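To keep things clear, I will list the structure first and then write my remarks on it.
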Amino acid sequence: MNDWDKEQLRLLELVILTIEDAVLITEAEPISLPGPRIVYVNPVFTEMTGYTPEEVLGQTPRILQGPKTDRAALKQIRTALQNWQPCRVDLVNYRKDGSEFWIELSIVPVHDESGWYTHWVAIQRDITARKQAEDALRQSEERYRSLVDATAQIVWTTDPEGGVSSASDAWFELIGQSWAEAAPWGWLDHVHPDDRERVIQSWNYSLNTKTLYEVEYRVRSKNGSYRDFGVRGVPILNPDGSIREWIGTHTDITEKKQLESQILRIQRLESLGILASGIAHDLNNILTPILAAAQLLPLKFPHADQRTHQLLQIVEVSARRGADLVQQVLSFVRGTEEKLEILQVRHLLSEVRKLVQQTFPKSIEVQTNIAPDLWVVSADATQLHQVLMNLCVNARDAMPEGGVLELSAQNVFVDEEYARGNLEAKVGPFIQVTVSDTGVGVSTEIIDRIFEPFFTTKELGKGTGLGLSTVLGIVKSHNGFVTVSSQVGQGTEFEVFLPAVEATEALPLDSQELPHGHGELILVVDDEAQVREIAKTMLEIYNYRVLVGSDGIEAIALYAQHKDDISVVLTDMMMPSMDGQALIRALKKINSQVKVVAFSGLSSSDKPAKAAGATAFLSKPYTAKELLDTLQALL
């Protein structure tokens, strides 16, 4: 060995002694068990494994293996040795004390000048820290994925330009696309066409300004329906200020949007309610003299011809119908207490039929089929009228090209078998009122939601979605129930069941004689001149004397002057300067025993009037019978 070779050998030995990796040299053979023996280890090997050279020389590398040493990696090493090829693997080794550590193992064969393989050189690098970091990263990614899958929001990331790089499984489940179809820009096809341009503009703005991306838009789901999402994304910046990626979320806000829409509808209805209340007050003041005049004129002109009497009857019926319609509006927008009375549904159906025939398109044929021996019910006439009209209007809207609307009623007895199949039904006698049409019909899916508040199949602006929910609410408040059946293209049938009661049906108004007075003095107070005049005329016809006042101040003066003669005070509750409540309290101070009948065209509730001290209450427009009966009861 010359000096140059010695120098090279010295340098190689120096490298092996100073290298930070463990070096292990074995004989070339045997390849099979027990394997090649160790002939050299460097000091780093001792530090890494805890074995001294004396303890490992003559041993095989198997001394470093243990239960967690990867068998596949060992097989890879064995195959490389058999073929005299280099090999690189990661595997777990064991120290002398039994502790495990990860190594990156590189093995190469060494041959002599003749090409004969004489040794194997193995370089072992401790990669335990790297493996622990990789394991921690993997666990972090697993936790992140679990968190993403568990959250109600859809989580996503994109490249700097906005191409999707990852997304929650919930996103692909929603849109019905695979990852290949959705990434990077396929998701945009599922944005509602009307929202797409706005989404792109918002994204470009955030991209150019590197600011929060926030937008709401509709996404088409795999079943074709659209859901509303609130989307937020933040840019993750590199040290140089450029965008590395975007991270964001999609939050389903469909129910929030629906609630907002319902709140807007409610607010709109509240505004309409305020407007309707004012209109109702004015209409009732207008209808009061019309109704009273229609009842008084036949008495004033008893010898008028039959045609005149028919016209007056039409005026009276129309005024009553107008009053009922006003009351329905007030009942809906403000809510009123039920005025239960014994009703014959046959009469109510007859009124509804006439109204429908006069107001519905002529292309709709109205048929009735009412049992002659129909039982009676205890109900609020105005509310039942509202139920029937809502169902009729619903039928009308289902027949835009015309058809047949049938109103029928019969007596039925709900037995236990039927009640078991209908949760709302109870055993007992009922009046079954059926409203059917030959219209477009509705599907099973829609029938399941047909009574939900605000649910409607009509175009925007053509329905509130409250008609059928109001029907259900009123019928339930009367201890009844409603059923519905329909077939698409063949029509719909609603059945309203109302509990029958045992009672004597009240005689029609025209068969009852109105009570007369005995010259008592009545003070009438109303700011509407027509109402004062018709009330004065009506009372005088029925043998009462009358004083009239146009407001509360005038009424107090008249009462103070004639308090010993005035038997009853009739006063409107809504008047300028001094309203009815203030007037009643003032009269009570003059005479605590004063009898006051209050009336209002705005409210059907007697609570405000009774709270002020009124003896009785009437809703405008009142009939002659209602007024005269009330006076007779007080006198």
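Numbering of the sequence shown is given in the numbering used here, commencing with residue 23 and proceeding in unit increments.
All residues carry an ideal CB built from backbone N, CA and C; glycine is no exception.
No experiment lies behind these values; they were computed from the predicted model shown.
{"query": "Whole-angstrom distance between I556 and A315, CA atom to CA atom", "result": "7 Å"}
{"query": "L46 in three-state terms, based on DSSP", "result": "strand"}
{"query": "Whole runs of the beta strand (DSSP E) within the stretch 252-306, excluding any shorter than 3 residues", "result": "265-274"}
{"query": "For T310, the residue or residues it bridges with in DSSP", "result": "DSSP, once it has assigned bridges, lists no residue as partnering T310."}
{"query": "Beta-carbon gap between Q432 and A393 smaller than 8 Å", "result": "yes"}
{"query": "Close-in-space but distant-in-sequence residues of the same chain around D134 (CB under 7 Å, 5 per side omitted)", "result": "T140"}
{"query": "Residue ranges of each beta strand (DSSP E) within the stretch 584-623, 3 or longer", "result": "588-594, 618-622"}
{"query": "Straight-line gap, N115 to F67 (C-alpha atoms, nearest Å)", "result": "12 Å"}
{"query": "Beta-carbon proximity check, K642 vs S614, cutoff 8 Å", "result": "no"}
{"query": "Proximal residues to A205 (C-beta, below 6 Å), its chain only, five neighbours per side dropped", "result": "V186"}
{"query": "Within 8 Å, strictly: CB atoms of E387 and V426", "result": "yes"}
{"query": "Terminal residues of the alpha helix (DSSP H) in which S372 lies", "result": "367-381"}
{"query": "Limits of the alpha helix (DSSP H) - the one that P521 falls within", "result": "It is not in any alpha helix (DSSP H) - P521 instead sits in the beta strand (DSSP E) that spans 513-523."}
{"query": "8 Å Cβ shell around A447 - same chain, five flanking residues per side excluded", "result": "V436, Y440, A441, F503, F519"}
{"query": "Assigned secondary structure, L545 (DSSP; H/G/I helix, E/B strand, else coil)", "result": "strand"}
{"query": "In DSSP terms, what P131 is bridged to", "result": "W142"}
{"query": "Separation of E163 from L86, as counted between CA atoms", "result": "32 Å"}
{"query": "6 Å Cβ shell around G255 - same chain, five flanking residues per side excluded", "result": "Y235, W268, G270"}
{"query": "Selected residue, minimal CA-CA separation from E676, among H538, E156, I588", "result": "Residue numbering for the chain in the displayed model covers 23 to 657; residue 676 lies beyond these limits and cannot be assessed."}
{"query": "Exposed unless 16 or more other CB atoms sit within 10 angstroms - verdict on I53", "result": "exposed"}
{"query": "Residue closest to D470, alpha-carbon to alpha-carbon, out of V63, V78, V506", "result": "V506"}
{"query": "Nearest-angstrom Cα separation, counted from L640 out to E550", "result": "16 Å"}
{"query": "Cα-Cα separation between A155 and A44, rounded to whole angstroms", "result": "22 Å"}
{"query": "C-alpha distance - D274 paired with I149, whole-angstrom precision", "result": "45 Å"}
{"query": "Under 8 Å between C-beta atoms of V616 and L605", "result": "no"}
{"query": "Helix, strand or coil at R117 [DSSP, three-state]", "result": "coil"}
{"query": "Alpha-carbon to alpha-carbon, S283 and H369", "result": "40 Å"}
{"query": "Assigned secondary structure, A326 (DSSP; H/G/I helix, E/B strand, else coil)", "result": "coil"}
{"query": "N-terminal and C-terminal residue of the alpha helix (DSSP H) that V409 is part of", "result": "403-419"}
{"query": "Close-in-space but distant-in-sequence residues of the same chain around H253 (CB under 6 Å, 5 per side omitted)", "result": "According to the sequence provided, residue 253 is Val. The question's His does not apply to it. Around V253: V237, H272."}
{"query": "Assigned secondary structure, R242 (DSSP; H/G/I helix, E/B strand, else coil)", "result": "strand"}
{"query": "For Q335, three-class secondary structure by DSSP", "result": "helix"}
{"query": "Separation of R110 from L79, as counted between CA atoms", "result": "23 Å"}
{"query": "Helix, strand or coil at E126 [DSSP, three-state]", "result": "strand"}
{"query": "Nearest to P89 (by Cα), restricted to the options V367, R117, G72, T74", "result": "R117"}
{"query": "Cβ-based neighbour list, L113, same chain, cut-off 6 Å, excluding 5 preceding and 5 following", "result": "T91, D92, A95"}
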